[in-house]
Amino acid sequence: MSDYPSDPADPPAPSAQTRSPSAAADTPALSRVQLKWEIAIVLGLSLGASAVYSIVSIISRLTAEVALSDQSATINGSQSTREWLDFTYQFLGIVFTLFPVALVLYLLWRPGQSGFRRLGVDFTEPRRDLLRGGGLLLLIGIPGLGLYLAGRALGFTVAVVPSPLDTFWWTIPILIFSAIRSALSEELIVVGYLFTRLRELGWSAWTIIMSAALLRGSYHLYQGIGPFVGNALMGVVFGWCYLRWGRVMPLVIAHWVLDIVSFVGYPLALLWWPALLAPTP
């Protein structure tokens, strides 16, 4: 029995007698070598590269003279002292990092079924997607905050320095836009695309789940060991849920809200409880 749910959107396969040569030519099967090269290229253009940089970053942090707990990582920081340039750089940075998402949707597109529909990133099940996304939000969000605080207390997580919310009128909209960028990039590439291609390579369900979870954790290593563990565990839960539901949309919803809370809610919490969350001077 297959470890994967059947996709109700998939049309029944035509028989050998009814399948036309032109239809077969429209959807040529990729060889294993082509699949491996495609995966390497996609990851090299997106989160695989981020993982490599994060691994180098954590090596640098662990070998520095300053303790890991006394270091900090800035998220969504300003990119220019001039307002219009800061907005332009941040907006363009978000837009262009969405192109790998567009690439995987294109690569998974097949006649009669878009990449969106194939991965379950659509609005055909809004109520169910919202309920599932909300459940994931509660399951991941609260333990995730606890893990961050524990990591700070134990000294294996760096202090996360968020962007101040009162910088410009467009700061919060840009942070929300950045949150949806992260949600789409991670869930469509690391879950939707990677699970699809590794399944086609014949990998088992749990091998795929654990490999994708380790990738998810690795590109958060720049924040320390705690975020690596937390995001890897998140990857296991998200991967298992995707195999159960066959839809990426609930994962995108949960991830988007989690990042909005991190990007917008965390700076507020930092103002309210600076002794608990602020970097150690």
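Going by our numbering, the sequence shown opens with residue 1439, and the numbers climb by one from there. C-beta: ideal position from N, C-alpha, C; glycine also.
- Item | Cα-Cα separation, GLY1673 to SER1552 | 25 angstroms
- Message: Let's test the definition: count the other Cβ atoms within 10 Å of the Cβ of PHE1561 and tell me whether it reaches 16, buried, or not, exposed.
- Response: Under this definition PHE1561 is an exposed residue.
- Query: Hey, how far is the Cα of TRP1522 from the Cα of GLY1515?
  - Reply: 15 angstroms
- Message: Taking the alpha-carbon of ARG1654 as reference, which of ALA1670, TRP1641 and TYR1660 has the nearest alpha-carbon?
- Response: Closest option to ARG1654, Cα to Cα, is ALA1670.
- Message: What does the Cβ neighbour count give for THR1526, buried or exposed, with the cut at 16 atoms within 10 Å?
- Response: With fewer than 16 neighbouring CB atoms inside 10 Å of its own CB, THR1526 falls in the exposed class.
- How many angstroms separate the CA atom of TRP1694 from the CA atom of GLN1472? 32 angstroms
- Verify the CB distance criterion: does ASP1560 have a CB-CB separation below 8 angstroms to chain D? Judged by its chain identifiers, the structure shown contains no chain D, having just a single protein chain.
- What first and last residue would you give for the alpha helix (DSSP H) that runs through ALA1651? 1643–1656
- Over the uninterrupted alpha helix (DSSP H) stretch that includes THR1634, give me the two end residues. 1632–1638
- Message: Spatial neighbours of ILE1612 within its chain, please: C-beta separation below 6 angstroms, excluding the five flanking residues on both sides.
- Response: GLN1528
- Query: Based on Cα-Cα distance, which residue from VAL1699, GLY1582 and PHE1633 lies nearest to ARG1682?
  - Reply: Nearest of VAL1699, GLY1582 and PHE1633 to ARG1682, Cα basis: PHE1633.
- Might you give, ordered along the chain, the residues of its own chain that have their beta carbon closer than 6 angstroms to the beta carbon of LEU1483, omitting 5 neighbours on each side? PRO1538
- Going by beta carbon distance, what residues of the same chain come within less than 7 angstroms of PHE1554, once the five residues before and after it are set aside? LEU1543 and ASP1560
- Provide the residue span of the beta strand (DSSP E) that contains ALA1540, from first to last. No beta strand (DSSP E) contains ALA1540, which is instead part of the alpha helix (DSSP H) from 1537–1546.
- Item | Beta-carbon proximity list for VAL1675, same chain, < 8 angstroms, skipping 5 on both sides | LEU1574, LEU1577 and ILE1578
- Between the Cα of SER1616 and the Cα atoms of ILE1532, LEU1468, PRO1564 and ALA1478, which residue gives the shortest distance? The shortest Cα separation from SER1616 among ILE1532, LEU1468, PRO1564 and ALA1478 belongs to ILE1532.
- Query: Between the Cα of ILE1493 and the Cα atoms of PHE1594, PHE1534, ILE1618 and HIS1658, which residue gives the shortest distance?
  - Reply: HIS1658
- Task: Name the one or two DSSP bridge partners that VAL1599 has.
- Result: DSSP links VAL1599 through a beta bridge to THR1512.
- Task: Could you have a look at GLN1551 and say whether DSSP puts it in helix, strand or coil?
- Result: strand
- Message: Is it the case that the region 1491–1505 contacts the region 1637–1650, given that we only count it when at least three CB pairs across the two stretches are under 8 angstroms?
- Response: no
- Task: Can you tell me the Cβ-Cβ gap for PHE1594 and GLY1662, rounded? I've got them flagged as a contact below 8 angstroms.
- Result: 6 angstroms
- Item | SER1620, enclosing alpha helix (DSSP H) - first and last residue | 1609–1623
- Check GLY1662 in the structure and name its three-state DSSP category. strand
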